[in-house]
Structure formats: structure tokens, C-alpha cells
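Comments concern the structure below.
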Amino acid sequence: MRLRQRLTPYILVAPATIWVLVFALWPFLNTVMLAFTDARPLRPAQFIGLDNFKRILDDPQVGYALTTCFVYVLVCVPLLTIIPLLLALLISKYMPGMSFFRTVYYFPVIASVVVVGIIWSWMFDSRGVVNQAIEFLGGTGISFLTDRWWILMCSILLTTWKGLGYYMVVYLAALGNVGRELHEAAALDGAGPIRRFWSITVPGVRGAMLLVSALITTSAMRIFSEIYILTNGSGGPGGQAMSLVMLIQRKGAGLDGQLGYASALSVVLFLLTIGPLLLTAFINNGTDIAAMRSRLRKRRAHRAALRENAKRASERASR
Numbered sequence: 001m002r003l004r005q006r007l008t009p010y011i012l013v014a015p016a017t018i019w020v021l022v023f024a025l026w027p028f029l030n031t032v033m034l035a036f037t038d039a040r041p042l043r044p045a046q047f048i049g050l051d052n053f054k055r056i057l058d059d060p061q062v063g064y065a066l067t068t069c070f071v072y073v074l075v076c077v078p079l080l081t082i083i084p085l086l087l088a089l090l091i092s093k094y095m096p097g098m099s100f101f102r103t104v105y106y107f108p109v110i111a112s113v114v115v116v117g118i119i120w121s122w123m124f125d126s127r128g129v130v131n132q133a134i135e136f137l138g139g140t141g142i143s144f145l146t147d148r149w150w151i152l153m154c155s156i157l158l159t160t161w162k163g164l165g166y167y168m169v170v171y172l173a174a175l176g177n178v179g180r181e182l183h184e185a186a187a188l189d190g191a192g193p194i195r196r197f198w199s200i201t202v203p204g205v206r207g208a209m210l211l212v213s214a215l216i217t218t219s220a221m222r223i224f225s226e227i228y229i230l231t232n233g234s235g236g237p238g239g240q241a242m243s244l245v246m247l248i249q250r251k252g253a254g255l256d257g258q259l260g261y262a263s264a265l266s267v268v269l270f271l272l273t274i275g276p277l278l279l280t281a282f283i284n285n286g287t288d289i290a291a292m293r294s295r296l297r298k299r300r301a302h303r304a305a306l307r308e309n310a311k312r313a314s315e316r317a318s319r
């Protein structure tokens, strides 16, 4: 019986542990090892040291891909951090029919990105709905899907539209921890809606905002489906709108795929995506550590005061 009780937790954890080791940890370690080789399909790999990483520094396509990812981050982080919070504030009110609007806002999240991307490409095609509307109003059609920056704009709009509902739900959960009495007290003191938003709501959802920003940054660095569908896999003119994941897929695909170089690009992508998560953890842990240090200082001061009082009492007793 005792042996069974001791083994039961390990037996329950074993399937998940094996899954992580086989499908997560081993592929990660294998990718890191391949990054230092000239691996290709159907041929033995040779160790080449840091040559793949040196090649990354000289590859102009890597520059284009990194620019795409950084532009994505700079635009998507503010949009998907602020707009979902405002939507959460709007639909957090108890009004008739509000559940319908919550469902409508969340619907793009469950929609397939492939289907939405195809619809988006129809809309922004040279003869699509948007260009026909512009020409109907007397304007000139815009090359949405053949210009590098217009492709990025359309892709960012698609990503923002699909992500609003998901991050809105995160903020709804965070807003539940912001007490209504704080808003009521601030309103009695004469604070307006904007003042209450910056002084009460934003500090109350600070942790959620950090989490959302980190998730958006990581997702933006790994963007693939939106740009791939809008450009039919070409990455725009000359591949200038290609993302880093698209470049990895292109370099490593096929029988002539450069698996070693694609693995080196994957390692670079991992380092870029792990940074925001570590920064968020550092900020959150920094707050916790500061509070812990403050408590320790108070305990030490209290103990020192107790020792000082005991010392004085003993001195008085000896006299």
C-alpha cells in the first residue's frame, strides 16, 4: 500500500513528462545542435561552428524579416494593449444585450486565421471590395498586396481584429479585481472618468497589461499565417515583407532545405521571443522581492528594538 501511494504521483505525472521530453525538449535541443552544422536532408551533417550565425549577419533577407517583426511589435503592442482594455471597460457594464456584444467581439478569436486571411486577401486585392470602393469615390486604387508596407498594414489590421476579443477577456478578468468602491470614492471626490481610468483602472490591471504586452510581443515576433496567406507564400515583392518564421520555413523546406541555417534562425527567434517573457517575470518578481525586503527590514527593526528594550531592562535591574 505504501509503495502504491509513493508511486501514484509519479505514474500520473509520467505521461505529461514523456510528452514534454519527446515533443518539446528533445526537438529544442536537436535544433540547437543542428544550428552548428551544415545539415541538409538525406546527407550527414558536418560541424561548422558559428558559420551559420555569421551568415545570418550578412543575409539581407534576415534584415527584412527582423524589420517586419519589429514593425509588427511596435504597432501591435500599443493597439492590442489599449483597445482591448477600453472594450473590456465598455462591456463590463451591466446593460441589456451586453452578452450579445461580448459574443460578437470574441467571435474573430474562434474564426480560422486561414479563412479570415483569404477573406482579407479578397477585400484588399487589386480588384477587391476596398479598391472598388475607393475608385467609386473617385480615388485611385492602392496596391495593398503588392507593396511591402501596405502588406504589413493589412496583416497588422488582421492580427489586431482577431486578437481584440482574446485580450479583452484577459482584461475582463483583471477588472474584476478592481473594487467598485474605489471608483465611487474617487467620483465623490470629484474625479472624472479619465482621471479614474488613469489613477484606478490602469494601476489595478497593471499585471494584466504586462502579461498582455509580453504575449503580444512574442506572438508578433512569431507571425506567420497572416503574411503567408496575404502574399500567397511569397513574402511580398522580393520577400521584403517576409517574417522570420516564413524565412525559417523557406530555408528549411524541401529536399535541398538548409536545415542547419534554418535551425540557427530558429535559435535567434527563440532568443528574441524569450526576452519579453523574462522581462515580464523580472518586473513582477522585482515587485515581489521589494515587498519581501520591506517586510524583512521591518522584522529586523522590530527584533532590534526588542533586543534594545531587553538590554535596557536588564541594565535597570542590575542597578
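Under the UniProt record's numbering, think of the first position of the sequence shown as 1, with each following residue one higher.
Even glycine gets a Cβ: it sits at the ideal position worked out from N, Cα and C.
Would you kindly work out how many angstroms separate the C-alpha atoms of phenylalanine 70 and methionine 221, rounded to a whole number? Annotation: phenylalanine 70 to methionine 221 spans about 7 Å, alpha carbon to alpha carbon.
Arginine 127 - DSSP class collapsed to helix/strand/coil: Arginine 127: coil per DSSP, three-state reduction.
In the structure shown, what three-state DSSP assignment does arginine 222 receive? In the structure shown, arginine 222 falls within a coil segment according to DSSP collapsed to helix, strand and coil.
Judging by CA-CA distance, which residue of Gln46, Gly204, Arg300 is the nearest neighbour of glycine 260? It is Gln46 whose Cα lies nearest to the Cα of glycine 260.
What does the Cβ neighbour count give for isoleucine 151, buried or exposed, with the cut at 16 atoms within 10 Å? Using a 10 angstroms sphere on the CB of isoleucine 151, the tally of other CB atoms reaches 16 or more, which defines it as buried.
Are there 16 or more other CB atoms within 10 angstroms of the CB of alanine 208, so buried, or fewer, so exposed? Answer is buried; the Cβ neighbour count reaches 16.
Is the distance from the Cβ of isoleucine 83 to the Cβ of leucine 21 below 8 Å? Not closer than 8 Å, so no.
Specify the secondary structure class of threonine 146 as computed by DSSP and reduced to three states. In the three-state reduction of the DSSP assignment, threonine 146 falls in the coil class.
C-alpha distance - glycine 252 paired with glutamine 258, whole-angstrom precision: Rounded to whole angstroms, glycine 252 to glutamine 258 spans 5 Å at the Cα level.
Per the DSSP calculation, threonine 37 is bridged to which residue(s)? Looking at the DSSP output, threonine 37 shares a beta bridge with Phe47.
How big is the Cα-Cα spacing for leucine 80 and glutamine 240? Rounded to whole angstroms, leucine 80 to glutamine 240 spans 25 Å at the Cα level.
Run the CB neighbour count on alanine 264, radius 10 Å, all protein chains shown included, and call it buried at 16 or more, exposed below. By the 10 Å Cβ count, alanine 264 comes out buried.
Helix, strand or coil for alanine 304 per DSSP? Alanine 304 falls in the helix class under three-state DSSP.
When you compare each of Thr280, Tyr106, Arg6 to valine 212 by their alpha carbons, which one comes out closest? Nearest of Thr280, Tyr106, Arg6 to valine 212, Cα basis: Thr280.
Using 8 Å as the threshold, is the C-beta distance between valine 113 and leucine 247 below it? In terms of Cβ geometry, valine 113 and leucine 247 do not form a close pair [threshold 8 Å].
Once you ignore the five residues that flank glycine 117 on each side, which residues in its own chain have a CB closer than 7 Å to its CB? Here the set comprises Leu158, Ser225, Glu226, Ile229, Leu230.
Taking its Cβ as the centre, do 16 or more other Cβ atoms sit within 10 Å of threonine 37, making it buried, or is it exposed? Buried, since its Cβ has 16 or more Cβ neighbours within 10 Å.
Three-state secondary structure assigned by DSSP to lysine 251: Lysine 251: helix per DSSP, three-state reduction.
Output the boundary residues of the alpha helix (DSSP H) element that contains residue 320. In the structure displayed, the chain extends from 1 to 319; residue 320 sits before or after that span and is not available.
Tell me, to the nearest whole angstrom, how far the beta carbon of threonine 31 is from that of valine 267; I am working on the premise that it is less than 8 Å. Going by Cβ atoms, the distance from threonine 31 to valine 267 rounds to 7 Å, so yes, they are a contact pair.
Rounded Cβ spacing between methionine 242 and tyrosine 105 (contact assumed at less than 8 Å): That pair is no contact at about 31 Å.
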